[in-house]
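Under full-length UniProt numbering, the residue at position 59 of the sequence shown is numbered 59, and the numbers go up by one with no gaps.
Backbone N, C-alpha and C define an ideal beta-carbon position, used for all residues, glycine too.
Each remark here refers to the structure printed beneath this line.
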Amino acid sequence: KVSIILKDRSLWLCDCRCLDILSAFSTGNGGTIELLYMQIYASTTLASARDFWTLRYTSALEDGSIVVCERSLTGTQGGPSMPSVTNFVRAVMFPSGYLIRPCEGGGSVIHIVDHLDLEPCTAPEVLRPLYESSTILAQTMTIMALNSLCQISQEISGETDPGGRHLSAMRILSKRMNRSFIEAVNGFSDDGWTSMGTNGMEEITVSINTSPIKLLGSKFSSAEGLPSLGFGILCAKASMLLQNVSPTLLVQFLREHRSEWADCGIDIYSAATLKTSPFKLSGSQANCFGAGQFMPPIGQTIRHEEFFEMVKLEGHGLTQEQAVLSRDMVLLQVCSGIGEKAAGARAQLVFAPVDSSFSDDAPLLPSGFRVVALDSEIDGYISSRTLDLASSLDVGLARTPTSINHGGNLVRSKSVLTIAFQFIYEKDLQDNIATMARQYVHSVSAYVQKVVIALAPLGLSPHLGSRPLPGTPEALTLSHWICQSYRFHVGFELLKDNCEDSILNLLWNHPDAIMCCSWKPIRVFTFANQAGLDMLETTLVSLLDISLEKVLDENRHTNLDACFSQIMEQGYTYLPSGICMSSMGRPVSYERAMAWKVVNDDNSTHCIAFMFMNWSFA
Numbered sequence: 001k002v003s004i005i006l007k008d009r010s011l012w013l014c015d016c017r018c019l020d021i022l023s024a025f026s027t028g029n030g031g032t033i034e035l036l037y038m039q040i041y042a043s044t045t046l047a048s049a050r051d052f053w054t055l056r057y058t059s060a061l062e063d064g065s066i067v068v069c070e071r072s073l074t075g076t077q078g079g080p081s082m083p084s085v086t087n088f089v090r091a092v093m094f095p096s097g098y099l100i101r102p103c104e105g106g107g108s109v110i111h112i113v114d115h116l117d118l119e120p121c122t123a124p125e126v127l128r129p130l131y132e133s134s135t136i137l138a139q140t141m142t143i144m145a146l147n148s149l150c151q152i153s154q155e156i157s158g159e160t161d162p163g164g165r166h167l168s169a170m171r172i173l174s175k176r177m178n179r180s181f182i183e184a185v186n187g188f189s190d191d192g193w194t195s196m197g198t199n200g201m202e203e204i205t206v207s208i209n210t211s212p213i214k215l216l217g218s219k220f221s222s223a224e225g226l227p228s229l230g231f232g233i234l235c236a237k238a239s240m241l242l243q244n245v246s247p248t249l250l251v252q253f254l255r256e257h258r259s260e261w262a263d264c265g266i267d268i269y270s271a272a273t274l275k276t277s278p279f280k281l282s283g284s285q286a287n288c289f290g291a292g293q294f295m296p297p298i299g300q301t302i303r304h305e306e307f308f309e310m311v312k313l314e315g316h317g318l319t320q321e322q323a324v325l326s327r328d329m330v331l332l333q334v335c336s337g338i339g340e341k342a343a344g345a346r347a348q349l350v351f352a353p354v355d356s357s358f359s360d361d362a363p364l365l366p367s368g369f370r371v372v373a374l375d376s377e378i379d380g381y382i383s384s385r386t387l388d389l390a391s392s393l394d395v396g397l398a399r400t401p402t403s404i405n406h407g408g409n410l411v412r413s414k415s416v417l418t419i420a421f422q423f424i425y426e427k428d429l430q431d432n433i434a435t436m437a438r439q440y441v442h443s444v445s446a447y448v449q450k451v452v453i454a455l456a457p458l459g460l461s462p463h464l465g466s467r468p469l470p471g472t473p474e475a476l477t478l479s480h481w482i483c484q485s486y487r488f489h490v491g492f493e494l495l496k497d498n499c500e501d502s503i504l505n506l507l508w509n510h511p512d513a514i515m516c517c518s519w520k521p522i523r524v525f526t527f528a529n530q531a532g533l534d535m536l537e538t539t540l541v542s543l544l545d546i547s548l549e550k551v552l553d554e555n556r557h558t559n560l561d562a563c564f565s566q567i568m569e570q571g572y573t574y575l576p577s578g579i580c581m582s583s584m585g586r587p588v589s590y591e592r593a594m595a596w597k598v599v600n601d602d603n604s605t606h607c608i609a610f611m612f613m614n615w616s617f618a
């Protein structure tokens, strides 16, 4: 039983798209040789999926052990070949496998070897650690196999506790939720997806799917597909690089503060369209759950690395029709990677509208988030820090410490976040729903970027990677220094309402473009408010790659040293009207600008602040 489970990677490897046995034959000693073709989904929209062409040998030893050996077949070995497949990068499996040894009294001792070359050179440079790290491979493949074995064995033996009822059904639901989510992220044409392209700078991709198999599988008998029914499925997705935040912490934060980023109107729309579409569920007589956004967990895996819950759809000011359509609809939510024993390399939150009495084979259309760490943790970060800073961002965060996992929650200096939202649409509303979906993903992405700043540990400078920079403030402290220095040098208040509790919020929403750059040794931007990001046409993450010299015009660039000398001597300087450049190379005109020296609490120079007034794209 153990060998059968381990050999069927599609059963426990959540990103396994397919595992096909193309040929099999027996050997003289009772063993089996198989030719396998396997496809693995990509974790993000930024890299290609991987596939493997391997030979596997299974044999029983004299002592009752079973050995499974597997390795890639290449052209140099003279064996059968498999042509390359569009959208997949052919990866290499070095000799790998399983040794399953019986132990006295029943049970088995299992040894696993996973040795892969995932061709990291074919991935964008920033993502290569994801394909080079033995730690990430262990946590996403090796440990996953062991956890699945443990769970299945306890289900079979009946050792599960009363709270873990229906674990087998939950495991199947989890697999379906994850499969549909990561399938939408990859968007392969042979799964029915057609890309509508991106919207330029934001790199939000929208795809549509008119295949009935997407939701109903083989149960749908019509060969004409969804267009004949007037419906389709649309997915808006994006990936972004995050600095100095733990995947575990971010996903748990998004789960606990859903009301801050989720649009209840869109939740209601998703539930209503599912209920009125051809995929509607068979009539339910169940009533809606009682008050409270989260219902008690309906199940969790044995090692608590994954759990399931129902989220009540809450909306205010709904029309009578919306209220009727969304009645008895809830969100089935699956959260993984945030438990006490979570490794911290990957965390995921996916959810799908369902009827409150849904069946195991109910149609599912999940959306959500996946965060994958790209490198090792930074020592010394205490993940249970309070969220006072996040509170000041006016995103409704509690001012008390958040209950989080202490085990797998050391911050990672770089992670990649993938967001994907799926919607059912009526044929005549495709363009409208595509626009709405793009705007929604953009809104959620902007929220995540604000939260990442709030959750970043004290003393980490993103543009210096994982090296701590003494005196680097959190955003609230930096905002205080900016305003205090402006008052000291210029003699006026920068903000009309200089209230400590709202100073960061006021600075963030200030109509003029305000940005800070380091004054030595490299003049790169380290902070900008919303107007500053709009002017530079960038994000908080990408801001760190933009130098001051790249933005200023040639005349300003030539006199930059003299300008900085004046700022250091008198504390500030005014700049006449002129032209600068955004990160996209677009000219930006401004009527006036000024720069001033920002000092910290020790009266030492921390950075230089710039403010561009009445700017516009030329």
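Secondary-structure assignment with DSSP links residue 430 through no beta bridge to anything. DSSP places residue 366 in no alpha helix (DSSP H); its state is neither H nor E. Under DSSP, the beta-bridge partners assigned to residue 243 are 414. Cβ contact annotation for residue 117 (same chain, cutoff 6 Å, sequence separation greater than five): 92, in chain order.
With contacts defined as CB atoms closer than 7 Å, residue 371 and residue 417 qualify as a contacting pair. Judged by DSSP in its simplified three-state form, residue 106 adopts coil rather than helix or strand. With contacts defined as CB atoms closer than 7 Å, residue 186 and residue 41 qualify as a contacting pair. Here residue 420 is bridged, per DSSP, to 237 and 368. By the neighbour-count criterion, in which 16 or more other beta carbons inside 10 Å mark a residue as buried, residue 237 falls on the buried side.
Collapsing the DSSP output to three states places residue 442 in a helix.
Between the C-alpha atoms of residue 270 and residue 16 there is a straight-line separation of about 28 Å. According to the DSSP assignment, residue 51 belongs to the beta strand (DSSP E) that extends over 49-60. For residue 613, the CB contacts under 7 Å within the same chain, skipping 5 residues up- and downstream, are 512, 590, 591, 592 and 593 in chain order.
Secondary structure note for residue 147: its alpha helix (DSSP H) is the uninterrupted segment 143-157. In the structure shown, residue 258 adopts helical secondary structure according to DSSP, grouped into three states.
Taking a cut-off of 8 Å on C-beta distances, the segment 518-531 touches the segment 541-551, as three or more cross pairs fall below it. 7 Å or more divides the Cβ of residue 351 from the Cβ of residue 337. In the three-state reduction of the DSSP assignment, residue 32 falls in the strand class, which pools E and B. Counting the other Cβ atoms within 10 Å of the Cβ of residue 232 gives 16 or more, which makes it buried. For residue 533, the enclosing alpha helix (DSSP H) covers residues 530-536.
For the pair residue 90 and residue 51, the CB atoms are nearer than the 7 Å cut-off. Between residue 598 and residue 535, the gap from beta carbon to beta carbon reaches 7 Å or more. When rounded, the separation of the alpha-carbon atoms in residue 307 and residue 448 is 23 Å. In the structure shown, residue 186 adopts helical secondary structure according to DSSP, grouped into three states. Here residue 241 has 126, 414, 416 and 541 as same chain residues with Cβ atoms under 7 Å from its own Cβ, once five neighbours each way along the sequence are excluded.
Sequence-distant partners of residue 34 (beyond 5 residues in either direction) whose C-beta falls short of 6 Å from its own C-beta, in its chain, are 21, 24 and 56. Assignment of residue 170 by DSSP, reduced to helix, strand and coil, places it in the helix class. Residue environment analysis places residue 250 among the buried positions, since at least 16 neighbouring C-beta atoms fall within 10 angstroms of its C-beta.
With a contact defined as Cβ atoms closer than 8 Å, residue 181 and residue 455 miss out at about 23 Å. For residue 310, the secondary structure class from DSSP, reduced to helix, strand or coil, is strand. The beta-bridge partner set that DSSP reports for residue 353 consists of 331.
Restricting attention to 603, 601 and 580, the CA atom closest to the CA of residue 615 is found in 580.
In the three-state DSSP reduction, residue 12 falls in the helix class (H, G or I). Residue 268 sits in a helix when the DSSP states are folded into three classes.
When the Cα atoms are used, residue 348 and residue 478 turn out to be separated by approximately 32 Å.
Short of 6 Å from the beta carbon of residue 566, and not among the five residues preceding or following it, lie these beta carbons of its own chain, in chain order: 573.
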